[in-house]
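A.B. asks:
Residue numbers (the UniProt record's numbering): 1 to 162.
#1: By the 10 Å Cβ neighbour count, where 16 or more other Cβ atoms means buried, how is residue 155 classified, buried or exposed?
#2: Which two residues bound the contiguous beta strand (DSSP E) that contains residue 126?
#3: Here's the rule: buried if 16 or more other CB atoms are within 10 angstroms of the residue's CB, otherwise exposed. What is residue 150?
#4: What are the boundary residues of the beta strand (DSSP E) that includes residue 131?
#5: Determine, for residue 81, whether the minimum Cβ-Cβ distance to residues of chain D falls below 8 Å.
#6: Going by beta carbon distance, what residues of the same chain come within less than 8 Å of residue 145, once the five residues before and after it are set aside?
#7: Over what stretch of residues does the beta strand (DSSP E) that includes residue 158 continue unbroken?
#8: Within a Cβ cutoff of 7 Å, which residues of the same chain sit near residue 76, ignoring the five residues on either side of it in sequence?
#9: Residue range of the beta strand (DSSP E) that residue 110 falls in?
#10: Taking the Cβ atom as the reference point for each residue, do residue 84 and residue 45 lie within a distance shorter than 8 Å?
#11: Using a threshold of 8 Å, state whether the C-beta atoms of residue 143 and residue 157 are closer than that.
Quick look at the structure:
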C-alpha cells in the first residue's frame, strides 16, 4: 500500500532526533505494551507522540475501541489501523486530524455510524472503511472533503436517504 511521497518508517524508528521527551516516553510505553501483549488494545500514550506523521498498525490483532487520545496527533498524515479487531464507534474527534491525508480503518468490527466530523478532513485523499459494521446514512459532510480521490465503503450496512 502506498502513501504517496511520504517516507514509511517502522514503529520502532518513529522518534526523530528532535523529538521531545514525552514523545520518547510515549513510544517506550507503547513498545512495552506490545512486547508484553501484542494482541491487546492500542495504548492511549500514542496520543503523546506529537511529531508523529505516519501511524501504521495494520494487520495486527489490536482490539477494543480506538483511543480518542490519538485524535490529538496534529501532524498525522497517515493513519492505518486496517485488518485488526477494533470495535465500537469511530471517534467523533477523528475529524480534528486536519492534516490527515490517508485513513484506513477497513476490515475491523467498527459499528454505529460514520461521524459527521469526518467532513472536517478536507485534506483527506483516501478513505477506506470497508468490511466493518457501520450503518445509517453516509454523512452529507463527506461532500466537504474537496481533496478526496478514493472513497471505499463496501461491506457495511449503510442506507440511502429518503
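We put the beta carbon where it would ideally sit given N, CA and C, even for glycine.
C.D. replies: Well, looking at it:
#1: Its Cβ having fewer than 16 others within 10 Å, residue 155 is exposed.
#2: 126-128
#3: exposed
#4: Neither: residue 131 is in no beta strand (DSSP E) and is coded neither H nor E.
#5: Of the protein chains in this structure there is only one, and it is not chain D.
#6: Cβ within range, chain order: 118, 119, 121, 122, 124, 127.
#7: In this chain, the beta strand (DSSP E) harbouring residue 158 covers 157-159.
#8: 52, 53, 55, 97, 99, 100
#9: 109-112
#10: no
#11: It is not a contact, given that the beta carbons lie outside the stated cut-off.
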